[in-house]
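> The structure is given below, and queries will be raised subsequently.
In the numbering used here, the protein residues as written are 266 to 881.
In structure tokens:
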């Protein structure tokens, strides 16, 4: 009897919570209090006040003002959370401002839509922020009815400074700033940082994004939710409370099935009765399995709440399509690849594909271990030793340039260790370092060298490789993920009978790669390596090591890098990156998805919301 009572209490509490989430909270966030228009009118007429005191109804009142205003951007919360009337709206003496606040029927063509971009680090200036701001520009260009809300934790920067940085960093200068409302998230900002959680970081960040999304909705609830940074926990309350469409731009999955390969027990079937001496370690291993499984299936569930999933490349798409499978049959669901905007229109301007370039191997990357500078250095040393032994002329041997930045003490240590390694290998005559140089200097380097290196294993995209090709630098890339699948691809699908080069660049692999399998190898010297092709099950692809690739290009088969062939490869590369990675291509595709979201928003209002919530 007591068990049934407990079950009943739990069921009652769960039902109560569901009712609050699905009925009470939507009314709180979307519907203003009774006589709200009279309240606003009274505050406007009291010229000394100009502040709207609404308590916990900030979202619903701010929505009315943003949707009615001639300058929605004024209703940000940079200074504080008090809602102050925009002067341009107060000058509207004919009652038009109040009239615009009225609720609109779902199919009313005058109804405006708030696209909420959840991107806490909107002012950081990285590749993710380039995606954000190009998407914002495209969304505003799609329709005059569209308003954008930016949810950010960069509360130290006022809106004008953020937008100035967008213009200088990304050359996005024609934003309609009046239709961009910044909502600053202060209360729970730290909860999405990995450093905040000493244990259980992933689940902690997921919980943090749930809480932070609540703060965002409490300040201003949007009509459409767009996650461009990768915080899937935000989808939970947005879906349950607001019942609006969700779009996710995925840079990489936060958890992947391959991560389970590192666990002692990769499934419940592998758990056996442990020896006495192994009880403690096995209990810990079982705990890790339970934790990772919980995170994985929660992530899988969160993906089922998304209506449109856009992956930044084939590697991400292949992984996320195997994880977010619960909504594949959902009507209107879309999952596709949308390459990030790389500004190739600007990068390819005045690029020189003709003429002589310096015979150098340029490696542009931050000095971090995962970039594998040491791998490149040791493979170059091996190539150089072989070239010297065979008496290769010095002018045919390319020198090596490491160009990068140090953002942390760990980066600085990586650089120092690399310099020491150069000294130990006696390569100081062949290797140079360019550290923390300006963007203008980077462009100079890209305009004068022949070859560009990339050695990271499974780099999800690889914008550095795009920059190589945009400036006529021939890429020598690690054969994995973005560079292999999306960037250094055959121009015009020209057929080739080898896997390690095409008409835009060259590839290599290494024995230190996590997916290297010794059992697949046939040669004793291991200079050409065999790898399973994950895109074609059962097939095997062959790639040289970097040392062997350099041997092939500069000693065994120099016709592969003859001036005529390099010129053709440069031209192919420039055409390829313009076709796939330009801002214009991204914007055109984004507008299509923006319009799909707009149509879906109307459907959701009619089918998922009840009563008065449909029209607010």
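Positions of the beta carbon are idealized from the N, C-alpha and C atoms, including for glycine.
Model, not experiment: these values are computed from the prediction.
Residue 678 to residue 671, Cα distance in whole Å?
The residue you call residue 678 lines up with position 413 of the chain shown. The residue you call residue 671 lines up with position 406 of the chain shown. The straight-line gap from Cα to Cα measures roughly 9 Å.
> Exposed or buried, residue 724, counting other C-beta atoms within 10 Å across all chains shown (16 or more means buried)?
On the chain shown, position 459 is the one that residue 724 refers to. Looking at its Cβ environment, which holds 16 or more other Cβ atoms inside 10 Å, residue 724 is buried.
> Got a sec, what are the start and stop residues for the alpha helix (DSSP H) residue 438 sits in?
Here residue 438 refers to the residue found at position 173 of the chain shown. Here residue 438 belongs to no alpha helix (DSSP H), and DSSP marks it neither H nor E.
> Could you check the C-alpha separation between residue 796 and residue 732 for me, to the nearest Å?
Taking the first residue of the chain shown as position 1, residue 796 is located at position 531. Taking the first residue of the chain shown as position 1, residue 732 is located at position 467. About 28 Å.
> Just to confirm my understanding: we take residue 504, look at its own chain, exclude 5 residues before and 5 after, and list those with CB closer than 8 Å. What are they?
Taking the first residue of the chain shown as position 1, residue 504 is located at position 239. Excluding positions up to five away in sequence, the list reads 511 and 570.
> Can you give the Cα-Cα distance for residue 266 and residue 348, rounded to whole angstroms?
Against the chain shown, residue 266 aligns to sequence position 1. Against the chain shown, residue 348 aligns to sequence position 83. Its pLDDT being 49, under 50, residue 266 is placed unreliably by the model, and nothing is read from it.
> Using DSSP with H/G/I as helix, E/B as strand and the rest coil, what is residue 613?
Position 348 of the chain shown, counted from the first residue, corresponds to residue 613. Reduced to three states, the DSSP call for residue 613 is coil.
> Leaving out five residues before and five after residue 341 in sequence, what residues of the same chain have Cβ atoms less than 8 Å from its Cβ?
Locating residue 341 in the chain shown gives position 76, counting from the first residue. Closer than 8 Å at Cβ, skipping near neighbours: 424, 446, 447, 448 and 449.
> Starting from residue 624, trace the beta strand (DSSP E) in both directions and tell me its first and last residue.
As a first step, residue 624 is located in the chain shown; it is residue number 359 there, counting from the start. Here the beta strand (DSSP E) through residue 624 covers 623-629.
> Among residues of its own chain, excluding the 5 on either side of residue 321, which ones have a beta-carbon nearer than 7 Å to its beta-carbon?
By one-based count along the chain shown, residue 321 stands at place 56. Excluding positions up to five away in sequence, the list reads 293.
> Under three-state DSSP, which class holds residue 861?
Working through the chain shown from its first residue, we reach residue 861 at position 596. Reduced to three states, the DSSP call for residue 861 is helix.
> Within its chain, find whatever has a CB closer than 7 Å to the CB of residue 302; leave out the 5 residues flanking it on each side and keep chain order.
By 1-based counting over the chain shown, the position of residue 302 is 37. Cβ neighbours of residue 302 beyond the five flanking positions: 363 and 366.
> Rounded to the nearest angstrom, what separates residue 387 and residue 774 at their Cα positions?
Locating residue 387 in the chain shown gives position 122, where the first residue counts as 1. Locating residue 774 in the chain shown gives position 509, where the first residue counts as 1. Rounded to the nearest angstrom, the two C-alpha atoms are 36 Å apart.
> What would DSSP say about residue 392, mapped onto helix, strand or coil?
Taking the chain shown and counting its residues from 1, one reaches residue 392 at position 127. Here residue 392 sits in helix by DSSP.
> In angstroms, rounded to a whole number, what distance separates the CA positions of residue 334 and residue 371?
Translated into the one-based positions of the chain shown, residue 334 becomes position 69. Translated into the one-based positions of the chain shown, residue 371 becomes position 106. Rounded to the nearest angstrom, the two C-alpha atoms are 19 Å apart.
> Report buried or exposed for residue 444, applying the criterion of at least 16 other Cβ atoms within 10 angstroms of its Cβ.
The sequence position of residue 444 within the chain shown is 179, counting from 1. Result: buried.
> On the three-pair Cβ rule with 8 Å, is the segment 406-425 touching the segment 855-868?
Yes, they touch.
> With a threshold of 16 other CB atoms inside 10 Å of the CB of residue 768, please say whether the residue is buried or exposed.
Residue 768 sits at position 503 when you count from the first residue of the chain shown. Burial call: buried.
> Residue 612: which of 561, 488, 707 and 500 sits nearest, CA to CA?
Along the chain shown, one-based indexing puts residue 612 at 347. Checking every option, the nearest Cα to that of residue 612 belongs to 707.
> When the Cα of residue 453 is compared with those of 469, 440 and 442, which residue comes out closest?
Within the chain shown, numbered from 1, the residue matching residue 453 stands at position 188. It is 469 whose Cα lies nearest to the Cα of residue 453.
> Pick from 555, 416 and 428: whose alpha carbon is nearest that of residue 402?
Indexing the chain shown from 1 puts residue 402 at position 137. That would be 428, whose Cα lies nearest to the Cα of residue 402.
> Tell me, please, which residues DSSP counts as bridged to residue 470.
Along the chain shown, one-based indexing puts residue 470 at 205. Paired residue(s): none; residue 470 is not in a bridge.
> By the three-class DSSP mapping on this structure, what secondary structure does residue 809 have?
If you number the chain shown from 1, residue 809 lands on position 544. Three-state result, residue 809: strand.
> Unbroken alpha helix (DSSP H) runs of length 4 or more, entirely within the segment 549-603: which are they?
You should have 579-588.
> Do you know offhand how far residue 683's Cα is from residue 659's?
Within the chain shown, numbered from 1, the residue matching residue 683 stands at position 418. Within the chain shown, numbered from 1, the residue matching residue 659 stands at position 394. Answer to the nearest angstrom: the Cα atoms are 24 Å apart.
> Under the assumption that residue 385 contacts residue 457 (Cβ atoms under 8 Å), give the Cβ distance between them as a whole number of angstroms.
For the purposes of this step, residue 385 is taken as residue 120 along the chain shown, with counting starting at 1. For the purposes of this step, residue 457 is taken as residue 192 along the chain shown, with counting starting at 1. So it is a contact: roughly 6 Å between Cβ atoms.
> Give the straight-line distance between the Cα atoms of residue 489 and residue 602, rounded to the nearest whole angstrom.
In the chain shown, residue 489 corresponds to position 224, counting from 1. In the chain shown, residue 602 corresponds to position 337, counting from 1. About 20 Å.
> Could you work out which residue in 550, 580, 311 and 606 is closest to residue 843 when comparing CA atoms only?
Stepping through the chain shown from its first residue, residue 843 is reached at position 578. For the residues 550, 580, 311 and 606, the minimum Cα distance to residue 843 belongs to 606.
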